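What follows is a set of notes on a single structure, which appears directly below.
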Amino acid sequence: MRKDSSGLMEMSQPTPQRLLKRRDFMKLFGGGIIVLFTVDVSDLFGQASRGRAYPTDINAYLRIAEDGEVTVYSGKIEMGQGVITSLAQMAADELGVSLESIHMVLGDTELCPWDMGTFGSMSTRFFGPALRSAAAEAKGVLLELASEQLKTAKDKLSVQNGVVYLTSDKDTRVTFGQLAKGQKITRKLDGKAVTKSVSEFTVMGKPVIRMDGVAKVTGKALYAGDIRLHDMVYARILRPPAHGASLKSADTSAAAKMPGVTVIKEDNLIAVLHPDPEGAEKALASIKAEFDVPKPTVDDKTIFDHLLKSAPQAQERDRKGDLAAGEKSAVSVFENQYVNGYGAHAPIETHTALARFEGGKATVWTSTQTPFPNQQQIAQALGIPPENVRVITPFVGGGFGGKSSAGLQAVEAAKLAKISGKPVQVAWSRAEEFFYDTFRPAAVVKVKSGTDSAGKICLWDYQVYFAGSRSAEQFYEVPHNLIRAYGQWGGGQVKAHLFATGPWRAPGANINVFARESQIDIMAAKAKSDPLEFRLNNTSDKRMRSVLEAAAHRFGWKKAALPSGRGYGIACGIDAGTYVATIAEIQVDKASGKVKVKRIVCAQDMGIVINPDGARMQMEGCMMMGLGYALSEEIRFKGGELLTKNFDTYELPRFSGLPEIEAILVKNDELTPQGGGEPAIVPIGAVIANAIYDAAGVRLFQMPMTPERVKEALKGM
Amino acid sequence: MKEIINFKLNGESTKLDTEGDRMLLWVLRTDLGLTGTKFGCGENLCGACTVVVGKEAVRSCQLPVREIRGKEVTTIEGLAGNGTLHPLQEAFAEHGALQCGFCTPGMIMNAYALLRKNARPTRDQIIQGMDQNLCRCAAHKRIVEAIESVAKKV
Ligand code: FES
Ligand code: FES
């Protein structure tokens, strides 16, 4: 596996927009066979996304070079989710070549067609089918050529490992390279190519080792901060002490005197450049700056009231029946409020970019989930046309939604490169990473629900503030139901947050599932029912029942009413088209309030599974990462000042917190592949809250469920 | 003040002429072009910058270069010998003990030091020994399994 886009081959390539014209493909690549294709996600996003309509023309392409080499060009990026492998598997299988012979060029705005970005568990779901069709189309072209060359009907030919041969005589053969030689064929996918059925898969559906594995274990994999250019310098930038602060004065005279230091002052950007990162750091420390800092009006404790007061109009979904009638028919009514503070993405790689500005053009290597929107932003900031900006995305050291926003570090690097005339690297410190992160928003959920005399849920009145309604959809059968979402996770029009907020792995879904599944257990407890049985009793959704049953079976679930004292928790949900059910076993140390998670089992139905090992890897990652938001991760702040600056106060899950983890894939080959990077994280908060109740008889309504909060809850008993 | 610092880097004699209070991490990444060692926090909190000095796993973001004078430093680039992966590297790749891969060099170097001190650690000892290395992608389960698989072979 090669990853061209991380190399330094940018010099000889033509400008990007030309690539979208079909006739130019051949000029660019010489001969061979190229299949252009489109990924249609207009259903999901409507016409416009981030100021640019999703192209209905060409979205990605697959090329078979004259030497038979196969390359897939896509604006997607690899940040750990494994697309580099799963996409290659799809192309290899449909085309009839070995996995190793597929090359992926990702996230390079000059070589790849426009793409919105990599998020929302969409790569496999939407990009996958299109790529498979393109590969099938290419195979069709190759078969036609082979049939001419071998003077045989197409149906008498077979394909394996990049060779077309006569099915009855393996020695009558011609390779893809021989077929592509001298050809200048460009096909636009028309949707007629027939892709393989699951039973025909030879590469898909089989576990394979990650294709980026060797590069990553040897330290050879290049990330944005690893690119080296002649004469490059490292920047440190003056930052305000708090959001909303304004600069009064900055004395940079000491920095200017330091050897090797260049001071840049332009508008609000004050930066120091030095050939060594520590030299830049020292220069930054020498700057005497004064800021006006607004008086804090809200902090991490008062934020929830503040949000409720700032709520915009609600958007409704799933309205059914009549809430008043539902309340009347209820024998028990439950009203609760669930909250969750701000959360950070905290990828181990901080936002990093290297920019070079030459001859009116910028080349920027950056850690981003959205290279094309970034290209636009950089162009705008520099006042040059987008085609004069090339964004290259090397491997990304974790994103989780946090690298899908404005690309501030890339804009900063590009500006500084333009001003200084040197290649400039901007790599954020950990404190900057926390300061400029687009947090998962603090959010509040209010639920009023009711059960009737038969133990059926008859009322569901659900209101969510500032998280949106992802994964809040109702799959329990409730005759009187209403979901109202006040404000989205991105903040939207209303300026309620002091910080930027944005998508965090399964945006909004984590608190929605926390609230819903906690509330379900509260009702089950009151009804003295087993929580699994209560759920099954209230839903006939087949996929949900099957994941619940699969998880229960593997876990060895035995019926008991809540709280049983065993410390078992159960929760389920739907996210990105995938169904998950999770069961956990925990222990609560009553003296310290500490929760020890012993075991988690998750069963997932994600439709057809392309790479089972990759899918399980994502599920395991989701479960373990989820323990962070459930138990320990929380941003502390006072007004616009962040008190959280590094990992000592923002506690990520660690090895010592690793439970026994089991990821089960529930077979469902009837359904096209659904999301895999996010679903298994959504029930984790709920499953832990429910297990705490089962263990200790106390209910936690706020995440993270820190030892202090657990202790506090135990006091109230 | 610049000073001459002689040490062994991945088996080769290396000479630096630089300020001795610079941190090894930046000298490796900037002067020596070895970018496999990563920056994650700069404050001894994440382990992404882990290298092995002598037999010890050390956080290179906290280690002034003058302290490596006369010592042997191994980085992720020096682990594979003659084109063959070190068993730990092989195990990480095979077990899928990585996702984004950014913590991986630090994880492997930390595990390398761990196994050099104790060739057959128990699972608990592995967990203890790795606890100060952070992985945001949460590949912990497979990292432990990868290390266990190597420990078993020795
Ligand atoms: S960068 Fe050295 S411990 Fe985090
Ligand atoms: S693999 Fe991404 S941080 Fe560990």
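As you go down the protein sequences, you meet chains W and B in turn.
Under this note's numbering, residues 1 to 717 are what the first sequence spells out, in order.
Under this note's numbering, residues 1001 to 1154 are what the second sequence spells out, in order.
From the three backbone atoms N, C-alpha and C, an ideal C-beta is built for every residue, glycine too.
Note that this is a predicted model, so its numbers are computed, not measured.
Asked	Found
Starting from the N-terminal end, write out each residue whose C-beta falls within a distance shorter than 6 Å of any non-hydrogen atom of ligand 4.	Within the structure as shown, ligand 4 is missing, the only ligands being ligand 1 and ligand 2.
Report yes or no: do three or more beta-carbon pairs, one from the stretch 669-688 of chain W and one from the stretch 319-328 of chain W, lie closer than 8 Å?	no
Quick check on the DSSP output: the beta strand (DSSP E) that includes phenylalanine 466 of chain W runs from which residue to which?	Premise fails: phenylalanine 466 of chain W is in no beta strand (DSSP E) and is neither H nor E.
Quick check on DSSP: helix, strand or coil for histidine 103 of chain W?	strand
Would you mind listing the alpha helix (DSSP H) stretches within the stretch 405-451 of chain W that are 4+ residues and don't spill past its ends, in chain order?	408-420, 430-436
Can you list the residues of chain W that valine 1053 of chain B reaches, using a CB-CB cut of under 9 Å?	The contacting residues do not exist; valine 1053 of chain B stays about 17 Å from chain W at best.
Helix, strand or coil, according to DSSP, for phenylalanine 701 of chain W in the structure here?	coil
Leaving out five residues on either side along the sequence, give the residues of the same chain with a beta carbon under 6 Å from the beta carbon of aspartate 57 of chain W.	Confidence at aspartate 57 of chain W is low in this model, with a pLDDT of 45, below 50, so the placement of that residue should be treated as unreliable; the coordinate-derived value is given next. Within the same chain, aspartate 57 of chain W has no close Cβ partners at all.
Hey, is the stretch 1017-1024 of chain B in contact with the stretch 1102-1115 of chain B, meaning 3+ C-beta pairs nearer than 8 Å?	no
Here's the rule I'm using: 16 or more other beta-carbon atoms within 10 Å means buried, otherwise exposed. How should threonine 262 of chain W be labelled?	buried
Report buried or exposed for glutamate 1003 of chain B, applying the criterion of at least 16 other Cβ atoms within 10 angstroms of its Cβ.	exposed
Can you list, in chain order, the stretches of the beta strand (DSSP E) that have 3 or more residues and sit fully within the stretch 1023-1091 of chain B?	1050-1053, 1056-1059, 1072-1074
Between glutamine 618 of chain W and ligand 2, is the CB less than 7 Å from at least one heavy atom?	no
In this structure, does DSSP put isoleucine 511 of chain W in helix, strand or coil?	helix
Thinking isoleucine 102 of chain W and valine 70 of chain W are a contact (beta carbons under 8 Å), I'd like their distance in whole angstroms, please.	5 Å
For aspartate 251 of chain W, write down the residues that DSSP places opposite it in a beta bridge.	W:Lys288
Any chance the CB of alanine 330 of chain W is under 7 Å from a heavy atom of ligand 2?	no
When you compare the CB of lysine 216 of chain W with every CB in chain B, is at least one pair closer than 8 Å?	yes
Express the C-alpha separation of serine 632 of chain W and threonine 649 of chain W in angstroms, rounding to a whole number.	9 Å
Where does glutamine 369 of chain W sit, in a helix, a strand or coil, going by DSSP?	coil
Using a Cβ-Cβ cutoff of less than 6 Å, which residues in the same chain neighbour serine 592 of chain W once the five nearest sequence positions on both sides are dropped?	Pro707
Buried or exposed for threonine 368 of chain W, going by 16 or more other Cβ atoms inside 10 Å?	buried
Between phenylalanine 45 of chain W and methionine 116 of chain W, what straight-line distance do the alpha-carbon atoms span, to the nearest angstrom?	Interpretation of phenylalanine 45 of chain W is limited by its pLDDT of 38, a score under 50 that renders its predicted location unreliable; no figure is taken from the coordinates.
Closer than 7 Å, Cβ to Cβ, to anything on chain B: give me those residues from the stretch 618-647 of chain W, in chain order.	Glu620, Gly621, Met624, Met625, Asn646, Phe647
Taking glycine 140 of chain W as part of the alpha helix (DSSP H), name the residues at either end of that continuous run.	128-150
With 8 Å as the threshold, decide whether the Cβ of glycine 1036 of chain B is near any Cβ in chain W.	yes
Lysine 1141 of chain B touches chain W at which residues, Cβ-Cβ below 8 Å?	Glu620, Met624, Leu658, Ile661
From which residue to which residue does the beta strand (DSSP E) around histidine 274 of chain W run?	269-274
Is any beta-carbon of chain B found at less than 8 Å from that of arginine 440 of chain W?	no
Is there a C-beta anywhere in chain B that falls below 8 Å from the one on alanine 221 of chain W?	yes
At a CB distance below 9 Å, what residues from the stretch 336-347 of chain W approach chain B? Give them in sequence order.	His345, Ala346, Pro347
Roughly how many angstroms separate the alpha carbons of arginine 356 of chain W and glutamine 463 of chain W, rounded to a whole number?	48 Å
Who are the neighbours of arginine 228 of chain W on chain B, taking C-beta pairs under 8 Å?	Gly1033, Thr1035
Quick one: any contact between the stretch 1007-1018 of chain B and the stretch 1070-1086 of chain B, if contact means 3 or more CB pairs under 8 Å?	yes
Counting only beta-carbon atoms, is glycine 213 of chain W nearer than 8 Å to chain B?	yes
Scan the stretch 1088-1102 of chain B for residues whose Cβ lies nearer than 7 Å to a Cβ of chain W and list them as they occur along the chain.	Gln1089, Phe1092, Ala1093, Glu1094, Gly1096, Leu1098, Gln1099, Cys1100, Gly1101, Phe1102
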